[in-house]
Each structure stands twice: as structure tokens, then as C-alpha cells.
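*Asks:*
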Amino acid sequence: LSREDPEMPACYIIEGPTCAGKTTLAKECVKHGRILVPSYCFHVSNVGSQIPLVENLHYFGEHTPARIDGEAAMARQKRILDEYSRRQMNALNRVRNGESIVMDFSTLGIRAFTKALAKCGKIAPVFPNVFLQRPAREFYDFVDSLKKSGADVYVTVLCPPGRLIAERLSYRNRNGDDAWGRDLTNKIAIEYQEVAREIMLNIDCS
């Protein structure tokens, strides 16, 4: 199946919590040259029943800043938000130049993760609105700018349960993963379900 106008660039945004399978899905899209949807966990998506072909699809992955010893959780979240904002702009510029990309991050994910941290008491329950308003505003501005540039925009949000996130974190066994805990993974799962609901209610990517 091909898109109506294969000359138009495409941007496929894959969101979801850590260990949801975002990068795996993104790289499968690049490998097959198609906009794919997952079969391994619950998700919401505007891709539909068709599998659009995309020529020269490129992976544009996240680069989460490295941890700094002694850095407060809120300061780290702000630093990650700044980095994701910068990379969203880079993605927009690449699409404007005619490149089709699939990305496994967005600023909206910062809001979900920060709210989960606050609900677990890992940061103050009253935190600056920069973590509520800015991530969403920049994400929706990003999508709007992509569409205005003439790009096809696809969004999928992966929503694995907290149990699955915890299992994959344990299997991954990266430094610092053991500090997450089941309470945090459960709350992250809930916050990303809210992200999924919001995105599908507010974005008309057709």
C-alpha cells in the first residue's frame, strides 16, 4: 500500500514509557520502509489499517542527557526537556528539507514522566508549570508545523502495563534501573495512558 502522495515527507512519532518498545518499532519501520504499528502491546495510533510505504525513511532517536552525580530530579527533568525541545526542532528542519523520519521521543513524554515522579514523592508535588504546559505546547506546535510544511504526520503511543515495564527494566539491567520501583512504573504507565487519550482527542493527523 502506498500513500496518496509519495513525494510528501512523513514524520512518524512513537511515544511511550521506557521499555515500551519504541526504538524497536522505529527501527523496524526503517528496516521495512513502512509506517508500522506494534503487535506486542496495547497502543493508540492514527496509522489506521493500512501500512503506508515511505521511501528513504530515517531513524531519529532520542538522546537522553547523561546523569550528573548529585543532580536533583527536577533539574534533570528540565535538562531532558530542553534537549528534547532542541531535537524536535532538528526533526522539523529535516522534514522541511524533504526527509522522512521516525522518532521515538517527544517533549510530551517529559510531562508524563515528571507527573509520575511527583506522584511517587520523588520530586515536590507542586512543580513549575514548565513541566505541564511547555511540553504539551511544544509538542502540538511541532505537529502543527510538520503539517503546515506538507508532511504526513503519524503518531502512535505505546501503553504497556506497569508490570511489563518493570519486567523489561529488570531484564535490561542498566545502571540505575533498580531505583525505579513498582510504584513508579505503575504511575508511569497510568500517565502514558493519559497521554494516549489526550493525543488522540486533540490531533487530527489525517
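Oh and the sequence shown: position 192 is 290 in the working numbering, straight run, nothing missing. Using N, Cα and C, we set each Cβ at its ideal position, and we do this for glycine too.
(1) Mapping DSSP to helix, strand and coil, what is ALA108?
(2) If PHE240 sits next to GLN186, beta carbons under 8 Å apart, how far is it from one beta carbon to the other, in whole angstroms?
(3) Alpha helix (DSSP H) containing SER243: first to last residue?
(4) Closest to ARG266 by CA distance: which of GLU105, LYS120, TYR110 and ALA108 is it?
(5) Can you give me the C-alpha to C-alpha distance between ARG194 and MET106, rounded to a whole angstrom?
(6) Name the one or two DSSP bridge partners that ARG132 has.
(7) So, helix, strand or coil for GLU169, using DSSP?
(8) Can the beta-carbon of GLY159 be found closer than 8 Å to that of ALA124?
(9) Can you grab the Cα-Cα spacing for the pair ILE208 / ALA164, in whole Å?
(10) Would you grab the beta carbon distance between ALA294 and PRO258 for me? Rounded to a whole angstrom, and I think it's under 8 Å.
(11) Consider the Cβ of PRO223: report whether some Cβ of chain D lies at a distance smaller than 8 Å.
*Replies:* By the coordinates alone:
(1) Your numbering for residue 108 matches position 10 in the sequence shown. DSSP places ALA108 in strand when its eight states are reduced to three.
(2) What you label residue 240 is simply residue 142 of the sequence shown in a count that begins at 1. What you label residue 186 is simply residue 88 of the sequence shown in a count that begins at 1. Going by Cβ atoms, the distance from PHE240 to GLN186 rounds to 5 Å, so yes, they are a contact pair.
(3) Counting from 1 along the sequence shown, the entry for residue 243 is found at position 145. 231 to 246 is the extent of the alpha helix (DSSP H) around SER243.
(4) One-based indexing of the sequence shown puts residue 266 at position 168. Nearest option by C-alpha distance: LYS120.
(5) Indexing the sequence shown from 1 puts residue 194 at position 96. Indexing the sequence shown from 1 puts residue 106 at position 8. If you take the alpha carbons of ARG194 and MET106, they lie about 10 Å apart.
(6) Within the sequence shown, numbered from 1, the residue matching residue 132 stands at position 34. According to DSSP, ARG132 bridges with LEU151.
(7) In the sequence shown, the residue the question calls residue 169 occupies position 71. Reduced to three states, the DSSP call for GLU169 is coil.
(8) The sequence position of residue 159 within the sequence shown is 61, counting from 1. The sequence position of residue 124 within the sequence shown is 26, counting from 1. Yes, the pair counts as a contact, with Cβ atoms nearer than the cut-off.
(9) Indexing the sequence shown from 1 puts residue 208 at position 110. Indexing the sequence shown from 1 puts residue 164 at position 66. Their backbone Cα atoms lie some 15 Å apart in a straight line.
(10) By 1-based counting over the sequence shown, the position of residue 294 is 196. By 1-based counting over the sequence shown, the position of residue 258 is 160. The pair is not a contact, with the Cβ atoms about 11 Å apart (cut-off 8 Å).
(11) Of the protein chains in this structure there is only one, and it is not chain D.
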